[in-house]
Amino acid sequence: MKYKLEWKYKLKGTQGTVFTSDWIEGELALLIGEDLEKSGKAADVIYHDERGTTWITKEMKKLLEEIEEEPHDLIVYFDGGFQKDTFQAGLGAVIYYKQGKKKYRIRANELFDEIENNSEAEYAAMYYTVNLLEEMGAHHMSCEFKGDAQGVLMQLKGDWPCYEENLNRWLDRIEEKLKKLKIDAKFTTIPRNENKEADKLATQALEGKVISSKMQII
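Residues 1 to 218 in UniProt numbering are what the sequence shown spells out, letter by letter.
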């Protein structure tokens, strides 16, 4: 989650001028806000988050302390593979996140039965990643979902319609789960060569290789 600072600069003999910052990380926003208040030249320091909620410095400090212990700064890569002779899908997901002062990566995959085609495999992979977020305790956070399945991502953004009934059912499941977790989702389409980790996991699932790992990264 990123934040935008707003404050009134107090100049003697004037009513003051309102300034706003760019979108920045929460820890940096708090450091700047506290420094502005200590200077004695700034008043009415407000922090705006990406969902439109506002905070004062005291509230912001408490918020960041609570967030620090939760999974945050979530970036998810997903991919689905399809094996037409068995109607099975390989689902792959890679999740990068912070918790405490450390960074982590989760890699996981799953073999899924009764899939009709490659398109449905991509929707199933997206739903699989959202379930992983729930399992790791992610909630009330922003999360960027990245994949090369443009149709899935554009439909979740609301930019493209979906006419297939079975795919609409997947979209409903995904949206309901995101709403339940109160995840502020961003959807980004990336080239296939930037989605190699998730693609490999999906392929490994189809090959019968189950992956489930969590590691700290530098």
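From the three backbone atoms N, C-alpha and C, an ideal C-beta is built for every residue, glycine too. Every value quoted in this text rests on a predicted model; they were computed, and no experiment measured them.
Can you tell me where the alpha helix (DSSP H) with residue i in it begins and where it stops?
i, result
"E28", "One detail in the question is off: residue 28 reads as Leu in this sequence, not Glu. Segment 26 to 39, the alpha helix (DSSP H) holding L28."
Grab the span of the beta strand (DSSP E) containing residue i for me, first residue to last.
i, result
"Y163", "Premise fails: Y163 is in no beta strand (DSSP E) and is neither H nor E."
"Q83", "72 to 83"
Distance check for residue j and residue i, CA to CA, integer angstroms please.
i, j, result
"E59", "E27", "13 Å"
"K103", "P71", "9 Å"
"K4", "E65", "18 Å"
"Q15", "E6", "16 Å"
"W55", "L181", "22 Å"
"E116", "L153", "19 Å"
"D49", "K2", "6 Å"
"D73", "Y123", "23 Å"
"Y127", "D22", "33 Å"
Considering only the alpha carbon of each residue, which of the options lies closest to residue i?
i, options, result
"A149", "E120, D22, A138", "E120"
"Y9", "W23, W170, G33", "G33"
"E134", "I183, T188, T20, E122", "I183"
"A205", "D85, F112, L11", "F112"
"K186", "G52, K146, F82, E25", "K146"
"E25", "Y47, K12, K38", "Y47"
"E197", "G158, K101, A108", "A108"
"E37", "D22, T57, G52, R51", "T57"
"G90", "K179, G158, V210", "V210"
Pull the bridge partners of residue i from the DSSP assignment, please.
i, result
"Y104", "Y97, Q216"
"K8", "V18, A43"
"A205", "Answer by DSSP bridge pairing: none, since A205 is not bridged."
"T54", "H48"
"E112", "In the sequence as displayed, the identity of residue 112 is Phe instead of Glu. For F112, which the question treats as bridged, DSSP gives the partners A89."
"K62", "DSSP, once it has assigned bridges, lists no residue as partnering K62."
task = Give, in chain order, every unbroken run of the beta strand (DSSP E) that is at least 3 residues long and sits entirely within the stretch 116 to 199.
result = 142 to 147, 184 to 189
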